[in-house]
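Trainee:
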Amino acid sequence: MPLLEIKNLTKKYNADTLALSDVNLTINEGEFVSVIGPSGAGKSTLLRCINRMIEASSGYILFDGVNVSTLSKNELRNLRTKIGMIFQHYNLVDRLSVIENILHGRLGYKNTFEGIFGIYNEEEKKSAFKIIEILGLKEQVYKRCDQLSGGQKQRVGIGRALIQKPRLMLCDEPIASLDPNASKIIMDHLRNISSKMGITCLVNLHQVNVALKYSDRIIGINSSKVVFDGAPSEMTSDIVYSIYGSEAEELDIDIGGRNAS
Amino acid sequence: MQMEETLNTAWEEPSNDISNDERPMSIRKISKASIVMNATLLFLAIVSIYAFFTFDYKNVNLIEAFSSTFYNLKIVFLEPHLKHFSVHETIWQLIVTLGLTVLTTLIGSVIALFFGLFAAQNLSTKLASNIIKAVVAFIRAVPTVLWVLIFAVAAGLGSVAAVIGITFHTIGYLIKAFSESFEELDKGVIEALKGSGANWWQIVFQAVIPSCASYLISWTFLRFEINFTYAILMGAAAGAGGIGFDLYMAGGHYFDLREVGFITYIILAVALVLEVISTRMKVKLSGFD
Ligand SMILES: Nc1ncnc2c1ncn2[C@@H]1O[C@H](COP(=O)(O)OP(=O)(O)OP(=O)(O)O)[C@@H](O)[C@H]1O
Ligand SMILES: [Mg+2]
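Structure below.
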């Protein structure tokens, strides 16, 4: 059953920057989908159009059968609580503790007063601690986030998204600032979220190898257009070339290492 | 490869390169601005020297004048005493002055916090931000003392005009400082919370203010120190009472230099304490504890 349907999505920032042109995608519940493509292809734009952090120029998006583009302000807030977001630079409030940052994921469910004063109920706190345990952050619960390593910060980012009880996770280059070890931990967590919790993941990636290893499906974008949409097993070096163009040579991709999970 | 070649050619053939020039190389670029700057400095130096030679000194004996100035300073700082005011009266007046300072800083910072949010471009609309910033620029351009005098027209000279006037300038000052701190905030943090469905007020109190807290407190405390000075000044100039008025009476009415000295020491002590507190607070807040 499709969770997300994107139809004829086009985004023009201004007269001469076309970031997305006529994108059509259908993403099923529970799928782990990677989006790859060269810098400036429109990957971040695609992700942000889905929860309307960026307004599309034309076309429409159906999330769980609901047209996203016609939602009122309150309905949009409601929609966003169902969509978690993870960023390259983590985007945590550095001066607050791990637990406080994770609980921020609940703000969308709260009224203004509770949100301002950070009033969370027992159930929310309990699930925050459970998520912290799953993510292996038990020792850091009360640590300020500026004292964490990159990998730990990203796990806090995942925790903040998870506590929203989302149906979809949008991850914009979650491992672009991390070393291989930390990258693997983060990707394994994301993969688990998808296969064990049934949360759909849409992940922008720079590394083709990683996409091949973890995804159920890969979408290749080149200069605003979807040029590939298929399983990792269908990926060939010709296709990599068509996605990355002349950049492909520098990527040094090992197609053989695919589908390890 | 290609890049290397282009680099090489650029290196070997410095056709119109500066280093080929026969003139001695200068590190500073000679620009129109630096010429104007130097000419201005030279002109001011000449005027100053000329002025010293052509002052009308009347019958002042310079040596005598200097020595009596030092004599007066010696009385002020080495022989302080209290005569016209009692100690507890002076302390009470000091509390009045501090009260004036706390009141103006507190009211000013709360109002400035609110408007500062709407003046920050990343939290507000462009229109609102520009309007507030323009008004603030005007408020700040008029000195605090002038605001007190302006409000004195309506409220009469005294503590009310002083409070309103100092508060007014404090608001302008802190709106600028606060909104600039808010604008420094990483926009990704705001995006993350907005993306999870948080509303504007929640983002402000859960992300913006916690992130900027140390800046906000530093700026407020800096303004507290400034307002302490103004509270003393207004005590004397606008009749707002407090230690400033005592200072004015001691100096301008009783001509008691020793009493002026004593009051100066009290003010100095308070200023010192404020300085220590603010330094401590900054260290604590910036997380080096
Ligand atoms: N706010 C903006 N205003 C104008 N143009 C923009 C804006 N954001 C992105 N663009 C342009 O839209 C195009 C797509 O940008 P986008 O950020 O989606 O690329 P990307 O695939 O995420 O690239 P990267 O891999 O470098 O993150 C680029 O040409 C970019 O310059
Ligand atoms: Mg991007």
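Chains A and B supply the protein sequences, listed in that same order.
The first sequence runs 1 to 261 under my numbering.
The second sequence runs 1001 to 1289 under my numbering.
C-beta atoms are modelled at their ideal positions from N, C-alpha and C, and glycine is treated no differently.
Please read all numbers here as calculations on a predicted model, not as lab measurements.
Locate the alpha helix (DSSP H) running through Ala19 (chain A), then write down its first and last residues.
Mentor: Counting along the chain, Ala19 (chain A) falls outside any alpha helix (DSSP H), though it belongs to the beta strand (DSSP E) covering 17 to 28.
Trainee: Evaluate contact between the region 72 to 84 of chain A and the region 163 to 170 of chain A, counting only Cβ atoms and requiring at least three cross-stretch pairs below 8 Å.
Mentor: Counting Cβ pairs under 8 Å, three or more are found: they touch.
Trainee: Output the boundary residues of the beta strand (DSSP E) element that contains Lys1083 (chain B).
Mentor: Segment: none, Lys1083 (chain B) is in no beta strand (DSSP E) and carries neither H nor E.
Trainee: Kindly indicate the opening and closing residues of the alpha helix (DSSP H) around Asn1038 (chain B).
Mentor: 1032 to 1054
Trainee: If I'm right that Ile186 (chain A) touches Ile175 (chain A) with Cβ under 8 Å, what's the distance once you round it to whole angstroms?
Mentor: 5 Å
Trainee: In chain B, which residues lie with their C-beta within 7 Å of the C-beta of His89 (chain A)?
Mentor: Identification of chain B residues near His89 (chain A) by a Cβ-Cβ cut-off of 7 Å yields Gly1188, ordered along the chain.
Trainee: Within the chosen definition, does the region 34 to 51 of chain A reach the region 194 to 205 of chain A through at least 3 CB pairs nearer than 8 Å?
Mentor: yes
Trainee: I'd like to know if the region 87 to 103 of chain A and the region 179 to 196 of chain A are in contact, where contact means that at least 3 CB-CB pairs between them fall below 8 Å.
Mentor: no
Trainee: Helix, strand or coil for Arg281 (chain A)? Go by DSSP, reduced to three states.
Mentor: As shown, chain A starts at 1 and ends at 261. That puts residue 281 (chain A) outside it, with no answer to give.
Trainee: Quick check on the contact list: which residues have their beta carbon closer than 5 Å to a heavy atom of ligand 1?
Mentor: A:Tyr13, A:Thr17, A:Ala19, A:Ser39, A:Gly40, A:Ala41, A:Gly42, A:Lys43, A:Ser44, A:Thr45
Trainee: Does the separation of the CB atoms of Ile132 (chain A) and Leu168 (chain A) fall below 9 Å?
Mentor: no
Trainee: Where are the beta strand (DSSP E) runs, 3 residues long or more, that stay fully inside the region 126 to 193 of chain A, in chain order?
Mentor: 168 to 172
Trainee: For chain B, find out if any of its Cβ atoms is closer than 9 Å to the Cβ of Ser246 (chain A); answer yes or no.
Mentor: At a cut-off of 9 Å between beta-carbon atoms, Ser246 (chain A) makes no contact with chain B.
Trainee: For ligand 2, any of its heavy atoms closer than 8 Å to the Cβ of Asp216 (chain A)?
Mentor: no
Trainee: Quick check: does the Cβ of Glu247 (chain A) come within less than 8 Å of any heavy atom belonging to ligand 2?
Mentor: Not under cutoff, so the answer is no.
Trainee: Taking just the CA atoms, how far does Asp1246 (chain B) sit from Trp1092 (chain B)?
Mentor: 11 Å
Trainee: Just checking Asp1186 (chain B) against ligand 2 - is the residue's beta carbon closer than 8 Å to any of the ligand's heavy atoms?
Mentor: no
Trainee: Taking Asp216 (chain A) as the query, report the chain B residues whose CB atoms sit under 8 Å from its CB, ordered along the chain.
Mentor: Simply none; closest approach about 24 Å.
Trainee: Is DSSP giving Gly257 (chain A) helix, strand or coil here?
Mentor: Per-residue confidence for Gly257 (chain A) stands at a pLDDT of 47, beneath the threshold of 50, marking its modelled position as unreliable; the derived number appears in the next sentence. Of the three classes helix, strand and coil, the one that applies to Gly257 (chain A) here is helix, per DSSP.
Trainee: Apart from the five residues just before and just after Ile54 (chain A), which ones in its own chain have a Cβ nearer than 8 Å to its Cβ?
Mentor: Lys11, Thr45, Arg48
Trainee: Just curious, the beta strand (DSSP E) that Arg217 (chain A) is in, first and last residue?
Mentor: 217 to 222
Trainee: Indicate the three-state DSSP secondary structure (helix, strand or coil) for Thr1144 (chain B) in the structure shown.
Mentor: Note: Thr1144 (chain B) maps to helix in three-state DSSP.
Trainee: From A:Ile102, A:Cys171, A:Leu9, pick the residue whose C-alpha is nearest to that of Lys138 (chain A); which is it?
Mentor: A:Ile102
Trainee: With the cut-off set at 9 Å, would you say Asn24 (chain A) and Met1 (chain A) are in Cβ contact?
Mentor: No. Outside cutoff.
Trainee: Could you check whether the Cβ of Tyr241 (chain A) sits closer than 9 Å to any Cβ belonging to chain B?
Mentor: By the rule that beta-carbons nearer than 9 Å mark a contact, Tyr241 (chain A) does not touch chain B.
Trainee: With C-beta atoms as the reference, is Ile1166 (chain B) less than 9 Å away from Val1148 (chain B)?
Mentor: yes
Trainee: Residues of chain B with CB closer than 8 Å to the CB of Val93 (chain A), please, in chain order.
Mentor: Val1189, Gln1206, Ala1207, Pro1210, Ser1211
Trainee: Under 9 Å between C-beta atoms, does Asp1289 (chain B) make it to chain A?
Mentor: Because Asp1289 (chain B) carries a pLDDT of 41, less than 50, the predicted location of this residue cannot be relied on, and the following value inherits that uncertainty. Not a single C-beta of chain A is nearer than 9 Å to the C-beta of Asp1289 (chain B).
Trainee: Taking the alpha-carbon positions, what's the Ile134 (chain A) to Arg155 (chain A) distance?
Mentor: 10 Å
Trainee: Flag this pair as yes or no: are the beta carbons of Asn51 (chain A) and Leu79 (chain A) separated by less than 9 Å?
Mentor: yes
Trainee: Using the beta-carbon of each residue, which ones in chain B are nearer than 9 Å to Arg80 (chain A)?
Mentor: Lys1194, Gly1195, Ser1196, Gly1197, Ala1198
Trainee: So, is the C-beta of Lys1282 (chain B) closer than 9 Å to a C-beta in chain A?
Mentor: Lys1282 (chain B) is outside the set of residues whose beta carbon lies under 9 Å from a beta carbon in chain A.
Trainee: Closest to Lys1194 (chain B) by CA distance: which of B:Val1208, B:Thr1054, B:Leu1257 is it?
Mentor: B:Val1208
Trainee: Do you know offhand how far Phe32 (chain A)'s Cα is from Ile1217 (chain B)'s?
Mentor: In this model, Phe32 (chain A) and Ile1217 (chain B) are separated by some 46 Å (Cα to Cα).
Trainee: Given a cut-off of 9 Å, decide if Ser1179 (chain B) and Ala1221 (chain B) are closer than it, judged by their beta-carbon atoms.
Mentor: Note on residue identity: the sequence assigns Phe, not Ala, to residue 1221 (chain B). Result no, Cβ atoms of Phe1221 (chain B) and Ser1179 (chain B) do not sit closer than 9 Å.
Trainee: Could you check the C-alpha separation between Asn1130 (chain B) and Ala1119 (chain B) for me, to the nearest Å?
Mentor: Roughly 7 Å separates the two Cα atoms.
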